[in-house]
Amino acid sequence: MTTMTDDSFTDNDVEIQQEALQQRVLLLSPTISWWRGMYQIPKDKIDVTSEGATVSEESVTTPRAKLITDRYPLDTNGAPWKRRFQKLESRLGALKERFSVPFPIQGVRIVPKARAGEMMDHLYGLTLGSLRRRESQARSDGNTMDAQEYQRMIDEALRVNGYDAPSDTPVYDATKGPDEQSIAYDLHMAAKEFAQSWASVRSQIADNNPMFHLVAEKVPPNSSWIRAKFALDVVPVELAGGGRGQEVTSNDLAEHADVVRETCRRRVAAAIDEMVQGPRQQLADALAALSELVQRDGRVTTKSFRPVREAINKIRMFDMVADDELMEQINQLELRLDSTNPRSLDSVTAANNGFTAAVASFMSQVQDEQSQATARTQFVRRALDLS
1 MTTMTDDSFT DNDVEIQQEA LQQRVLLLSP TISWWRGMYQ IPKDKIDVTS EGATVSEESV
61 TTPRAKLITD RYPLDTNGAP WKRRFQKLES RLGALKERFS VPFPIQGVRI VPKARAGEMM
121 DHLYGLTLGS LRRRESQARS DGNTMDAQEY QRMIDEALRV NGYDAPSDTP VYDATKGPDE
181 QSIAYDLHMA AKEFAQSWAS VRSQIADNNP MFHLVAEKVP PNSSWIRAKF ALDVVPVELA
241 GGGRGQEVTS NDLAEHADVV RETCRRRVAA AIDEMVQGPR QQLADALAAL SELVQRDGRV
301 TTKSFRPVRE AINKIRMFDM VADDELMEQI NQLELRLDST NPRSLDSVTA ANNGFTAAVA
361 SFMSQVQDEQ SQATARTQFV RRALDLS
């Protein structure tokens, strides 16, 4: 990845870049937590061997017991709990891939402000707090029927979750199907079920895992304790030390302000690079995979076009770092896909109708260094126009 680390950048240039970033995107760190049942085995209760010989503690780390496996414990429907939780992790991963690109700090994602609300709706959906705000607004607006309906939903949520349920408690959204509920809601319901059946879960683990007795004292029998191990968090990240008039004043960081400022400069530059290059690279990879499938006369279907269309949507999502020429190329590519019958594509047909040449041209455009440099410049210039 080419990073904007030109030593000729002035402090003002750095500040403008950071402001450009903060005007258009949010930096969020979405994470999902669930009880994974991993406990380190006490050193005095296990020996590690290699080819029959005991390995010294200095040479290896102490093994950990895995209390949740692909086979047990099982929920009331006979499905492994681990797979249910992993499915939620996969949904979160897919959602992050759909709405964001990575920021150069592990776990932090760059989300366009214009799409943040939609992303949060998929993450959290309705909550007790959002229902209360809607009920209050409806009453203020004189919409008595709406207010009454929101109050009914609040009362039902409190009945199901307890009258001391916190405001961030996810609520079932009746406007969506059972398979369309938010990740937070599905995690909440799974965690609730897991905690309520904790005695059975713990018993299954004890009966099936030969390592359980070695760590049993670390696994409390309290179901409320296990419920606290589940959470869906979205932490906003704010860049400090780079904006105009901003200084690092925290006592913990004051003497390292120069290090913080330089780190932020690099991260902002790398973030802009990722916004420019990430979606383009996704499209280039998708086109390369499609081209390879066609050239080896593989079976091309409508599904084969899906990764390309998803990459196009990602570029449109980050259109603040896409130049006009690229967007025109994207429009032409989409027209080409719309007018092409995938089942008719093979190496000969694709070459004869210009599909192969068009894909090669598109790949060249999305990977063009000059186009990417232009996009970076335009991003900062637009920010200057807004300031």
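If you count the sequence shown from 1, position 67 lands on 67 in the numbering used here, and the numbers rise without skipping. Glycine included, C-beta positions come from ideal geometry on N, C-alpha and C. Model, not experiment: these values are computed from the prediction.
What is the C-beta distance between residue i and residue j, in whole angstroms, given that I count them as a contact (C-beta under 8 Å)?
i	j	result
Y150	A138	6 Å
L335	V308	No, L335 and V308 are not in contact; Cβ-Cβ is about 13 Å, not under 8 Å.
L26	K113	6 Å
A190	S223	Going by Cβ atoms, the distance from A190 to S223 rounds to 14 Å, so no, they are not a contact pair.
I312	L333	7 Å
L126	D173	5 Å
Residues in its own chain within less than 8 Å of residue i by CB, not counting five upstream and five downstream?
i	result
S371	D323, E325, L326, Q365
K218	Y39
L337	F305, V308, R309
M120	V234
E118	F99
A165	L128, A157, L158
G142	none
A289	P307
Between the alpha carbons of residue i and residue j, how many angstroms are there, rounded?
i	j	result
R280	Q367	7 Å
G177	D168	21 Å
Y72	K82	8 Å
I226	G78	20 Å
E180	H188	14 Å
E310	F99	11 Å
T249	P342	Note that T249 has pLDDT 37, beneath the 50 cutoff, so the model's placement of it is unreliable and no number is given.
R115	F230	26 Å
N209	K66	8 Å
A216	I16	56 Å
E19	L345	47 Å
F362	G354	12 Å
I272	E328	21 Å
A375	K314	15 Å
L214	A53	22 Å
I183	N352	47 Å
T22	M145	Note that residue 22 is Gln in the sequence shown, not Thr. Going by the C-alpha atoms only, they are around 40 Å apart.
E238	V380	19 Å
Q378	T76	56 Å
L287	P80	37 Å
A199	R64	22 Å
R267	E97	20 Å
V348	G278	32 Å
N331	S197	53 Å
R133	K192	25 Å
D13	E89	39 Å
G162	I46	44 Å
V300	D285	17 Å
G298	V171	46 Å
S339	T175	35 Å
L236	A228	This sequence places Pro at residue 236; Leu is not what is there. Cα to Cα, P236 sits roughly 22 Å from A228.
If you drop the 5 nearest sequence neighbours on each side, which residues of the same chain put their C-beta closer than 6 Å to that of residue i?
i	result
T356	A350
F85	W34
D252	Unreliable positioning characterises D252 in this predicted model, as indicated by a pLDDT of 45, which lies under 50. The coordinate reading is nonetheless provided below. Counting only Cβ-Cβ distances below 6 Å, and skipping sequence neighbours, we find nothing.
V160	none
S291	V359
G37	L67, I68
A147	E135, A138, R139
T302	P342
I154	L131
V201	P73
L95	H122
Can you give me the start and stop residues for the beta strand (DSSP E) that residue i sits inside?
i	result
Q86	Where Q86 is concerned, there is no enclosing beta strand (DSSP E), although the alpha helix (DSSP H) it sits in stretches over 81-99.
V25	25-33
V234	231-236
M38	38-40
A65	64-66
Got a sec, what are the start and stop residues for the alpha helix (DSSP H) residue i sits in?
i	result
S224	223-227
K113	113-124
P307	302-317
I154	144-161
I205	198-208
S347	347-352
A360	355-366
I330	324-338
V215	212-215
Q106	Segment: none, Q106 is in no alpha helix (DSSP H) and carries neither H nor E.
L131	128-140
By Cβ distance below 7 Å, which residues in the same chain neighbour residue i in space, the five residues on each side in sequence not counted?
i	result
G107	S29, T31
M275	V101, I110, F318, V321
T473	Residue 473 is absent from the model: the chain starts at 1 and stops at 387.
L92	P30, I32, I183
Give a yes or no on contact between the region 64-79 and the region 200-207, applying the rule of three or more CB pairs nearer than 8 Å. yes
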